[in-house]
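One structure is given below, encoded as structure tokens.
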Amino acid sequence: MALVKKSDDFLNFPGGDSNFRDLPRSFSDMLDNFFDEAVKTSHGSRFVPSVDISENDKGYDIEVCVPGMKKDDIKLEVEGNTLHISGEKKVEDKKEDKTVHRVESQYGYFHRSFELPEEAQLDKIEANYEDGVLNIHVPKDVKKTETKKIDIK
1143 MALVKKSDDF LNFPGGDSNF RDLPRSFSDM LDNFFDEAVK TSHGSRFVPS VDISENDKGY
1203 DIEVCVPGMK KDDIKLEVEG NTLHISGEKK VEDKKEDKTV HRVESQYGYF HRSFELPEEA
1263 QLDKIEANYE DGVLNIHVPK DVKKTETKKI DIK
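Count the sequence shown with my numbering and you get residues 1143 to 1295, in order.
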């Protein structure tokens, strides 16, 4: 059995090789440029920061990744049993002599909400912001989580 090289007859036309070989890459570059411009000029853009939630005997720990933000740009509120985390990461206008070719950093407004369990002590929630990570600790009311045995008569 012989291996046969697959050829694209379309590229065998005179000039076809030079005119069409880079077409997929050119089309991809064109789409990248279009969407880059759309993102740069869109108003009210949003990003969704990643959130990790864990639990232990003492409470719940919520870790929100918001790199590049200042703690004053983040708002933390409790309404009923719902924890609201919101903020805005603003685009920095750097007045340097350079041309920006690509921006992949996320900017804009975000809002995340989490329904807290009944045993959460809402008045004792603590938050700390360090190195681009917002750490929120929601303590549990141990009394509410204790199991009570009920005798059957």
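C-beta: ideal position from N, C-alpha, C; glycine also. For clarity, every value in this text was computed on a predicted model and none was experimentally measured.
For residue i: DSSP bridge partner residues
{"i": "residue 1270", "result": "1277"}
{"i": "residue 1257", "result": "1224"}
{"i": "residue 1344", "result": "The requested residue 1344 is not part of the displayed model; the chain covers only 1143 to 1295."}
{"i": "residue 1188", "result": "1251"}
Nearest-angstrom Cβ-Cβ length linking residue i and residue j, presumed shorter than 8 Å
{"i": "residue 1231", "j": "residue 1249", "result": "5 Å"}
Cβ pair residue i, residue j closer than 8 Å
{"i": "residue 1253", "j": "residue 1268", "result": "no"}
From the options, residue whose alpha carbon lies closest to that of residue i
{"i": "residue 1190", "options": "1242, 1199, 1207 and 1212", "result": "1207"}
{"i": "residue 1235", "options": "1294, 1245 and 1205", "result": "1245"}
{"i": "residue 1255", "options": "1204, 1205, 1199 and 1227", "result": "1227"}
{"i": "residue 1222", "options": "1213, 1240, 1259 and 1277", "result": "1259"}
{"i": "residue 1219", "options": "1265, 1284 and 1282", "result": "1265"}
{"i": "residue 1192", "options": "1277, 1289 and 1293", "result": "1277"}
{"i": "residue 1194", "options": "1284, 1275 and 1291", "result": "1275"}
{"i": "residue 1273", "options": "1213, 1293 and 1262", "result": "1213"}
{"i": "residue 1211", "options": "1247, 1257, 1295 and 1225", "result": "1247"}
heavy atom of the ligand COA below 7 Å from residue i C-beta
{"i": "residue 1230", "result": "The ligand COA is not part of the structure shown, which contains no ligands of any sort."}
Could I get the ranges of all uninterrupted beta strand (DSSP E) runs contained in the segment 1192 to 1240, with 3 residues as the minimum, in chain order?
The segment 1192 to 1240 contains these whole beta strand (DSSP E) runs: 1193 to 1197, 1201 to 1207, 1216 to 1221 and 1224 to 1231.
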